[in-house]
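Visitor:
Residue numbers (UniProt numbering): 1 to 488.
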């Protein structure tokens with residue numbers, strides 16, 4: 001089946017879904033509505049949406065097909081008139097599988113005395129073997145299995161999912177997993193035969209443990225650090241050259257709901273098309289993994305902000321390299337947090353989970369890389385990028401998703417670095433659209449806006465280098481062409 005392109009709109013009383021299904025017969029269209037679930041089938045198209053609120057099929061509802069344009073317009077009545085359906089423009093969220101609801105008891109709870117007497121009356125007139133008795137008493141494995149199937153039937157045959165209990169670590173292969181929620185492996189088996197200049201782990205990318213990846217990343221940053229290059233760029237900034245234009249560039253904030261931006265802005269047709277192709281998965285994560293996802297988002301969007309500033313929002317063939325090499329999770333498969341945190345941190349309030357020291361530690365590798373790898377190496381430029389990231393996070397899901405879709409578009413267009421889209425960005429976009437918390441994202445944005453970082457945090461003596469440049473610029477220039485009165 002083909003997932004058609006579509007768009008959604010709403011009024012105070014209804015929701016309208018416009019679906020592009022050209023060259024079909026209106027008599028073949030099948031529409032099913034069940035609470036928040038809308039499914040539309042007309043061969044060869046099938047669309048199933050999970051709406052943000054409940055809708056009804058009543059006399060005011062309507063479905064109209066226009067053969068000339070190929071659009072099927074479905075209008076459904078809101079169960080609660082005046083309710084605002086949030087996120088109708090985030091297509092990936094609508095296409096995601098329906099979220100599970102807490103299962104309600106299928107048997108009425110009674111007191112133990114009543115239950116015992118009822119069971120006694122039942123068993124007096126029945127002949128049961130041990131298996132039957134266990135099933136009746138809820139002790140048989142079949143009892144839980146049957147309950148699961150009943151729950152699945154009520155949930156549109158989507159079997160309940162849960163995070164499995166931790167098992168003892170058992171390693172049967174030398175390969176290590178990486179990427180989004182450590183779901184991937186095998187992408188770097190033949191890296192020695194490719195031209196992947198971003199990969200800093202070499203042929204060992206598949207086998208290195210996380211602590212080994214981190215060590216190699218930090219060594220690489222030290223090797224690439226060039227004091228003379230930094231001083232030259234800083235001198236250009238002091239002399240008001242090109243670097244100053246990059247710093248003064250106004251970062252484009254185009255996320256609905258972002259500060260100082262029209263909230264009516266919608267995703268573009270290109271962005272909607274990308275969202276239609278995102279994975280449709282249910283992501284099961286622990287509190288620790290969830291914490292890491294939010295922090296990894298900060299590092300990826302920092303790299304994107306740097307590229308936007310240095311290209312002035314006009315990506316070049318080098319943009320994919322820039323974003324990849326500035327992101328530790330890409331170049332060394334090294335994801336944050338980089339601090340050793342206690343387990344209670346991951347379930348604490350936002351003020352603890354995203355405390356200033358945690359955000360600072362998350363950004364230090366990105367800052368080091370921005371000062372060691374690309375052409376424009378400036379502390380002031382890096383600080384501007386952090387403010388750009390804070391503005392994207394301030395837009396909540398819309399702001400972050402728009403930035404991540406742009407990252408995906410840049411990486412997908414590269415014949416080598418698209419691999420980082422496969423192991424990181426695809427799932428990140430789908431996760432942000434469906435599962436990321438607006439509250440958490442906006443809190444991070446606010447925290448980044450007021451985060452204070454000093455130059456010593458990167459481990460290089462930037463202040464001494466800048467003072468040396470100032471002293472050099474203050475000296476009078478010498479010229480062989482200068483003449484004196486005595487020479488005249």
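Think of the CB as a built atom: it goes at the ideal place given N, C-alpha and C, for glycine as much as any other residue.
1) Where does residue 5 sit, in a helix, a strand or coil, going by DSSP?
2) In the DSSP assignment, what are the bridge partners of residue 60?
3) My understanding is that residue 53 touches residue 85, with C-beta atoms under 8 Å, so please give their C-beta distance in whole angstroms.
4) Exposed or buried, what is residue 28 when buried is set at 16 or more other beta-carbons lying within 10 Å of its beta-carbon?
5) Is residue 92 closer than 9 Å to residue 74 when the C-beta atoms are compared?
6) For residue 178, write down the residues that DSSP places opposite it in a beta bridge.
7) Run through DSSP, which three-state label would residue 360 get?
8) If I measure Cβ to Cβ from residue 396 and keep anything under 7 Å in the same chain, skipping five residues before and after, which residues do I get?
9) Output the distance between the C-alpha atoms of residue 333 and residue 210, rounded to the nearest integer angstrom.
10) Would a C-beta distance cut-off of 9 Å place residue 39 and residue 25 closer than the cut-off?
11) What do you get for residue 482, buried or exposed, if any count of 16 or more other CB atoms within 10 angstroms of its CB means buried?
12) For residue 200 and residue 445, what's the separation of their Cα atoms in angstroms?
13) Are residue 94 and residue 79 close, meaning C-beta to C-beta below 9 Å?
14) In the structure shown, what three-state DSSP assignment does residue 373 receive?
15) Taking buried to mean at least 16 other C-beta atoms within 10 Å of its own C-beta, is residue 17 buried or exposed?
16) Rounded to the nearest angstrom, what separates residue 314 and residue 30 at their Cα positions?
17) Which term fits residue 377, buried or exposed, when burial requires 16 or more other beta carbons within 10 angstroms of its beta carbon?
18) So what's residue 84 in DSSP terms, helix, strand or just coil?
19) Can you tell me which of the three DSSP states residue 423 falls into?
20) Would you mind stating whether residue 336 and residue 296 have Cβ atoms separated by less than 9 Å?
21) Let's test the definition: count the other Cβ atoms within 10 Å of the Cβ of residue 427 and tell me whether it reaches 16, buried, or not, exposed.
22) Is DSSP giving residue 123 helix, strand or coil here?
23) Which residues mark the beginning and the end of the beta strand (DSSP E) in which residue 46 is found?
24) In terms of residue numbering, what span does the beta strand (DSSP E) encompassing residue 241 cover?
25) Please name the residue or residues paired with residue 66 in a DSSP beta bridge.
26) Three Cβ pairs or more, each shorter than 8 Å: is that satisfied between the region 320–332 and the region 289–307?
27) Is the separation between the beta-carbon of residue 448 and that of residue 393 shorter than 9 Å?
28) When you compare only the Cα positions, how much space is there between residue 490 and residue 409?
29) Taking residue 294 as part of the alpha helix (DSSP H), name the residues at either end of that continuous run.
30) If we count Cβ pairs, one from each stretch, closer than 8 Å, do we get three or more for the region 211–227 versus the region 346–362?
31) What do you reckon, are the CB atoms on residue 364 and residue 457 nearer than 9 Å?
32) Taking just the CA atoms, how far does residue 14 sit from residue 5?
33) Sorted by chain position, which residues of the same chain lie with C-beta nearer than 7 Å to residue 188's C-beta, five sequence neighbours on each side aside?
34) With which residues is residue 20 paired in a DSSP beta bridge?
35) Taking just the CA atoms, how far does residue 236 sit from residue 471?
36) Between the C-alpha atoms of residue 76 and residue 51, what's the straight-line distance to the nearest angstrom?
Guide: The short version:
1) For the purposes of this step, residue 5 is taken as residue 5 along the chain shown, with counting starting at 1. The answer is coil: DSSP assigns residue 5 none of H, G, I, E or B.
2) Within the chain shown, the letter at position 60 stands for residue 60. According to DSSP, which records beta bridges pairwise, residue 60 is partnered with nothing at all.
3) Working through the chain shown from its first residue, we reach residue 53 at position 53. Working through the chain shown from its first residue, we reach residue 85 at position 85. Confirmed, about 5 Å.
4) In the chain shown, counting from the first residue as 1, residue 28 sits at position 28. Residue 28 should be labelled exposed.
5) Taking the chain shown and counting its residues from 1, one reaches residue 74 at position 74. Taking the chain shown and counting its residues from 1, one reaches residue 92 at position 92. The answer is no: Cβ separation not under 9 Å.
6) Within the chain shown, residue 178 is the residue found at index 178, counting from 1. Bridge partners of residue 178: 184.
7) To locate residue 360, count along the chain shown from 1; it is residue 360. The answer is helix: DSSP assigns residue 360 an H, G or I state.
8) Numbered from its first residue, the chain shown carries residue 396 at position 396. The answer, listed in chain order, is 257, 438, 441 and 442.
9) By 1-based counting over the chain shown, the position of residue 333 is 333. By 1-based counting over the chain shown, the position of residue 210 is 210. Residue 333 and residue 210: Cα-Cα distance of roughly 8 Å.
10) Within the chain shown, the letter at position 39 stands for residue 39. Within the chain shown, the letter at position 25 stands for residue 25. Contact: no.
11) Here the question's residue 482 lines up with position 482 in the chain shown. Here residue 482 scores only 48 on pLDDT, less than 50, and its place in the model should not be relied on; the value that follows carries that caveat. Sixteen is the threshold: since fewer than 16 other Cβ atoms of the shown chains lie within 10 Å of the Cβ of residue 482, the residue is exposed.
12) In the chain shown, residue 200 corresponds to position 200, counting from 1. In the chain shown, residue 445 corresponds to position 445, counting from 1. Residue 200 and residue 445: Cα-Cα distance of roughly 30 Å.
13) Start at 1 with the first residue of the chain shown, and residue 94 comes out as number 94. Start at 1 with the first residue of the chain shown, and residue 79 comes out as number 79. No, they are not a contact pair.
14) By 1-based counting over the chain shown, the position of residue 373 is 373. Three-state DSSP puts residue 373 in coil, outside helix and strand.
15) Along the chain shown, one-based indexing puts residue 17 at 17. It counts as buried.
16) One-based indexing of the chain shown puts residue 314 at position 314. One-based indexing of the chain shown puts residue 30 at position 30. Rounded to whole angstroms, residue 314 and residue 30 show a C-alpha spacing of 44 Å.
17) In the chain shown, residue 377 corresponds to position 377, counting from 1. It is buried - the Cβ of residue 377 has at least 16 other Cβ atoms within 10 Å.
18) Your numbering for residue 84 matches position 84 in the chain shown. Of the three classes helix, strand and coil, the one that applies to residue 84 here is coil, per DSSP.
19) Locating residue 423 in the chain shown gives position 423, where the first residue counts as 1. Note: residue 423 maps to helix in three-state DSSP.
20) Stepping through the chain shown from its first residue, residue 336 is reached at position 336. Stepping through the chain shown from its first residue, residue 296 is reached at position 296. Contact: yes.
21) Taking the first residue of the chain shown as 1, we reach residue 427 at position 427. That one is buried.
22) In the chain shown, residue 123 corresponds to position 123, counting from 1. For residue 123, the pLDDT reaches just 45, beneath the cut-off of 50, and the residue's location in the model is therefore unreliable, leaving the point undetermined.
23) Numbered from its first residue, the chain shown carries residue 46 at position 46. First-last of the beta strand (DSSP E) with residue 46: 45–50.
24) As a position in the chain shown, residue 241 is number 241, starting the count at 1. Residue 241 -> no beta strand (DSSP E), and no H or E assigned at all.
25) Taking the chain shown and counting its residues from 1, the one referred to as residue 66 is at position 66. Beta-bridge pairing links residue 66 to 71.
26) yes
27) For the purposes of this step, residue 448 is identified with residue 448 of the chain shown, where counting begins at 1. For the purposes of this step, residue 393 is identified with residue 393 of the chain shown, where counting begins at 1. Residue 448 places its beta carbon less than 9 Å from that of residue 393.
28) With the chain covering only 1 through 488, there is no way to say anything about residue 490.
29) Taking the chain shown and counting its residues from 1, the one referred to as residue 294 is at position 294. Unbroken alpha helix (DSSP H) run through residue 294: 287–311.
30) no
31) Taking the first residue of the chain shown as position 1, residue 364 is located at position 364. Taking the first residue of the chain shown as position 1, residue 457 is located at position 457. Yes, Cβ-Cβ distance for residue 364 and residue 457 is below 9 Å.
32) Position 5 of the chain shown holds residue 5. Position 14 of the chain shown holds residue 14. Straight-line Cα distance between these residues: approximately 20 Å.
33) For the purposes of this step, residue 188 is identified with residue 188 of the chain shown, where counting begins at 1. Contacts found: 199, 205 and 206.
34) By 1-based counting over the chain shown, the position of residue 20 is 20. Residue 20 pairs with 71.
35) Your numbering for residue 471 matches position 471 in the chain shown. Your numbering for residue 236 matches position 236 in the chain shown. Approximately 14 Å, taken between the alpha carbons.
36) Taking the chain shown and counting its residues from 1, the one referred to as residue 76 is at position 76. Taking the chain shown and counting its residues from 1, the one referred to as residue 51 is at position 51. Cα to Cα, residue 76 sits roughly 11 Å from residue 51.
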